[in-house]
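A short write-up of the structure that comes next.
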Amino acid sequence: MSTATLLRALASGPIVLDGGLGTLLEAHGHDLSSGLWSARLLAERPEVIADAHREFVDAGARIVISASYQSTFEGYAGIGIDATQASALMRISVDLARSAAADRQAWVAASVGPYGAMLADGSEYRGDYGMSVDELRDWHRPRIAALASAGADLLAAETIPCLAEVQAVAAEFDAAGAPGWISITVHDGRLRSGESMADAFRIAASFPAVLAIGVNCSAPAEISDALRIARETTDLPFVAYPNSGEGWDATNRTWLGSAAFPDTLVRDWLDGGASVIGGCCRVGPAQIRGMADVVHDQSRAAPEVPPQAESPQEAPR
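Quick note, the sequence shown lines up with residues 1 to 317 if you use the UniProt record's numbering.
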């Protein structure tokens, strides 16, 4: 599969994305309490990551996101892994996703987490880094370069909380010649930093390497407004992959509330023009299977467009 085939597929109808890899691994009993989350398992138990990817593919996902969200050179250095080994682990994250997609028509997106995820202090839910665009570009550059060369079909910048990081990541995608999407995280209709969603979508769309925009790691109820704003701002494909509806308490490191992910919301997103639909934290294979069923039913129910009658050719002059 390739970026070109993905774009052609998007032009013909919505595609199902996978769900929350880290929370699925936790549900299977793996301890992800360290700052590296699932990235630690790349070094210690890569087979369990491959199995989790396959669960999502078997449920109907046709885009698989690699386990590199938390993979950073700084994070790996903290557990004694040097830059060469870290680059190899990032490549392994893509290889594992590729192995799960091999038997199906599925694409692989290499996850690029935000700067705040490396801090592991909930900063990605605030966006208060106190860093300039240039500083964020410098930080993201080595990892984006490593992931861009790892063999994924595209990059997926996820949970981006502020305009400075949107611009920094988009600029580095361009500099690396690496196509990808940029997905922001929102609350009460704005980025976690309090900045405008419309500005985020507009900035991202101004960079040629950005193929799609989206929202993830947010409440399901946020998606419809974000999709409307995106459609008013740009014609790029929209990627919707919210959390289950529960909220993460970063201070106490626990999930609060209850899941609220009815099929009616998924249908609303499809009707609103979402091109890719999946899930983030606490969205497992069962929910992805349900989304795949909705996408299939909606596609099957779409009226066929009658072929256009050919216009009579004008007589030669």
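Beta carbons are placed, not taken as given, at the ideal position from N, Cα and C, and that holds for glycine.
None of the values given here were measured: they were computed from a predicted structure.
Cut-off 7 Å between Cβ atoms - residues of its own chain near residue i, not counting five sequence neighbours on either side
i	result
aspartate 199	Leu163
glutamate 310	Because the pLDDT of glutamate 310 is 37, which lies under 50, any placement of that residue in the model is unreliable, and the question is left without a value.
alanine 146	Ser87, Met90
phenylalanine 73	Ala83, Ala86, Pro142, Arg143
proline 46	Ile92, Leu96
valine 57	Val64, Ala100, Ala101, Arg104, Ala106
alanine 168	Val133, Leu136, Arg137, His140
Any non-hydrogen atom of the ligand MN closer than 8 Å to residue i Cβ
i	result
aspartate 128	Looking for the ligand MN in the displayed structure turns up nothing, as the structure carries no ligands at all.
Proximity winner among the options, relative to residue i (alpha-carbon distances)
i	options	result
valine 210	Asp235, Ala146, Gly194, Pro262	Asp235
arginine 202	Ala219, Phe238, Arg141	Phe238
serine 218	Met197, Ala205, Glu47	Met197
threonine 251	Asp121, Thr23, Arg126, Ser71	Asp121
glutamate 158	Gly180, Leu256, Ala171, Asp174	Gly180
phenylalanine 261	Gly279, Trp248, Leu7, Gly194	Gly279
glutamate 172	Ile277, Pro208, Gly272, Gly22	Pro208
Per-residue DSSP class, three states only, for residue i
i	result
arginine 8	helix
valine 294	helix
isoleucine 81	coil
residue 322	Past the boundaries of the shown model lies residue 322; the chain is included only from 1 to 317, so the question cannot be answered.
alanine 109	strand
aspartate 249	strand
For residue i, the first and last residue of its enclosing alpha helix (DSSP H)
i	result
phenylalanine 56	46-58
glycine 214	From DSSP, glycine 214 is part of no alpha helix (DSSP H) but of the beta strand (DSSP E) over 210-216.
glycine 22	21-27
alanine 171	163-176
For residue i, the first and last residue of its enclosing beta strand (DSSP E)
i	result
threonine 233	Segment 223-233 is the alpha helix (DSSP H) holding threonine 233; no beta strand (DSSP E) there.
C-alpha distance - residue i paired with residue j, whole-angstrom precision
i	j	result
glycine 291	leucine 136	The residue asked about is misnamed: residue 291 is methionine in this sequence, not glycine. The straight-line gap from Cα to Cα measures roughly 35 Å.
alanine 102	isoleucine 63	12 Å
alanine 4	isoleucine 15	14 Å
alanine 67	leucine 41	9 Å
isoleucine 79	valine 166	29 Å
Same chain, Cβ closer than 6 Å to residue i, neighbours up to 5 away in sequence not counted
i	result
glycine 185	Just to set this straight, residue 185 is threonine in the shown sequence, not glycine. The residues are Thr159, Pro161, Arg192, Cys217, Ser218.
Cutoff 8 Å; reference residue i; Cβ partners in own chain excluding five residues on either side
i	result
serine 258	Gly245, Glu246
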